[in-house]
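Numbering (the numbering used here), first residue to last: 18 to 336. Glycine is no exception: its CB is placed at the ideal position from the N, C-alpha and C atoms. Some notes on the structure that comes next.
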């Protein structure tokens, strides 16, 4: 393979729907960010540079779908569809297992940017020029294949956001048409507008029922350490709970990473401290929630999934 350079993906800022005509709009896919390096073979790397190729072998032959002799880098989102919608829990199960299990649903890469083509950088080109090259490259591929083109949505931003929310999707991306690609940088040229608040948190501990994890104790940054932000059970499927238990058992620690007793809200009480098994705060999850209470607890939280692309030091930063 030729020396395609290692890159970090460009990041978006949270924001509101712009009404300017300077933006292109796309669905915010509920999956894992992925850079695909294609040059005689395919390498899939996460946002933090972790290899995803072994966990998603069905995407390891993308070079056979593309013109030969054109070393390229695609930016996109790894997704698994369930009932026609992205199901991040399926991705979590796949990563936790390390490889697909028999009968597991196949993943696909939804590409939304082209960073290198024929071994040459496109980073300084405006988004519209990169998009035109991406459409020429992928436009003839089948819409239900392993590699797909993320469609640009036609219409006004506010109306598109309402449509995305009505369909139960994660949100909307707004990208300035003239924006260059800035690897590793968070830029106001790209905005993410979420349909419901989400936030990253660290796993402080867990409770069990039978052979599976029943709930996760969550933490948020506080004064150089962590503070308790509630337990989450919603979104934790029995299958994922069974897969997670041996992983969390390896992270057990006798000392809780937050002060005890755990705070209790007027409308929320956590499981008793005695029920919680504490772990080293090294795993990051993303939760969807209604609000943070005055005591700093997640209200009506639901687990969206683990974030292996993020470190605990990044929790608290939007992205």
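Any idea if residue i is buried or exposed, counting beta-carbon neighbours within 10 angstroms, 16 or more meaning buried?
i           : result
residue 20  : exposed
residue 33  : exposed
residue 157 : exposed
residue 3   : This structure leaves residue 3 out entirely; the chain is present only between 18 and 336.
residue 264 : exposed
residue 228 : exposed
residue 176 : exposed
residue 235 : buried
residue 38  : exposed
residue 102 : exposed
residue 305 : buried
residue 53  : buried
residue 328 : exposed
residue 110 : buried
residue 326 : buried
residue 187 : buried
residue 213 : exposed
residue 132 : buried
residue 316 : exposed
residue 100 : exposed
residue 58  : exposed
residue 29  : buried
residue 118 : exposed
residue 308 : exposed
residue 276 : exposed
residue 246 : buried
residue 218 : buried
residue 374 : There is simply no residue 374 to check, as the chain begins at 18 and stops at 336 in what is shown.
Could you spell out the range, first to last residue, of the alpha helix (DSSP H) harbouring residue i?
i           : result
residue 106 : 105-114
residue 180 : 174-183
residue 145 : 144-155
Given residue i, which residues of its chain have a CB within under 8 Å of its CB, disregarding the five upstream and five downstream residues?
i           : result
residue 25  : 64, 66, 200 and 201
residue 349 : Residue 349 is absent from the structure shown; the chain starts at 18 and stops at 336.
residue 167 : 43, 44, 46, 93, 94, 127, 128 and 129
residue 36  : 173, 174 and 175
residue 225 : 231, 262 and 294
residue 68  : 60, 61 and 62
Excluding the 5 residues preceding and the 5 following residue i in the sequence, name in chain order all residues of the same chain whose CB lies nearer than 6 Å to its CB.
i           : result
residue 154 : none
residue 97  : 104, 107, 108, 122 and 124
residue 223 : 230, 233, 265 and 294
residue 283 : With a pLDDT of 41 at residue 283, under the threshold of 50, the modelled position of this residue cannot be trusted, and the question is left open.
residue 211 : 188
residue 195 : 143
residue 88  : 19, 21, 56 and 136
residue 255 : 229
residue 285 : Its pLDDT being 43, under 50, residue 285 is placed unreliably in this model, and the value from its coordinates should be taken loosely. 314.
residue 77  : 59 and 70
residue 273 : 295
In the DSSP assignment, the beta strand (DSSP E) including residue i goes from what residue to what residue?
i           : result
residue 321 : 319-323
residue 65  : Neither: residue 65 is in no beta strand (DSSP E) and is coded neither H nor E.
residue 258 : Careful: residue 258 lies outside any beta strand (DSSP E), inside the alpha helix (DSSP H) at 255-266.
residue 232 : 229-239
residue 171 : Residue 171 -> no beta strand (DSSP E), and no H or E assigned at all.
residue 31  : 28-31
residue 135 : Premise fails: residue 135 is in no beta strand (DSSP E) and is neither H nor E.
residue 92  : 89-96
residue 50  : 49-55
residue 16  : Because the chain is modelled from 18 through 336, residue 16 falls outside the range shown and cannot be assessed.
residue 302 : 301-305
residue 165 : 164-166
residue 277 : That residue, residue 277, is in no beta strand (DSSP E); it is neither H nor E in DSSP.
residue 41  : 40-44
Might you give, ordered along the chain, the residues of its own chain that have their beta carbon closer than 7 Å to the beta carbon of residue i, omitting 5 neighbours on each side?
i           : result
residue 260 : 110, 113 and 114
residue 321 : 105, 215, 252, 303, 304 and 305
residue 191 : 34, 35, 40, 42, 174, 208 and 210
residue 27  : 198, 199, 200, 202, 204 and 207
*asked:* Measuring CB atoms only, is the segment 246-258 touching the segment 82-93, in the sense that at least three cross pairs come out at less than 8 Å?
replied: Judged by Cβ distances under 8 Å, the segment 246-258 makes no contact with the segment 82-93, as fewer than three pairs qualify.
Original post:
When the Cβ atoms of the segment 119-126 are set against those of the segment 140-147, are three or more pairs found closer than 8 Å?
Top reply: With fewer than three CB-CB distances shorter than 8 Å, the segment 119-126 does not count as touching the segment 140-147.
**Contained alpha helix (DSSP H) runs [length at least 4] in the segment 190-224, N- to C-terminal order** = Within the segment 190-224, no alpha helix (DSSP H) run of at least 4 residues lies entirely inside it.
Is it a yes or a no for the segment 295-305 touching the segment 261-269, going by three-plus beta-carbon pairs under 8 Å? Because the criterion of three Cβ pairs below 8 Å is met, the segment 295-305 and the segment 261-269 touch.
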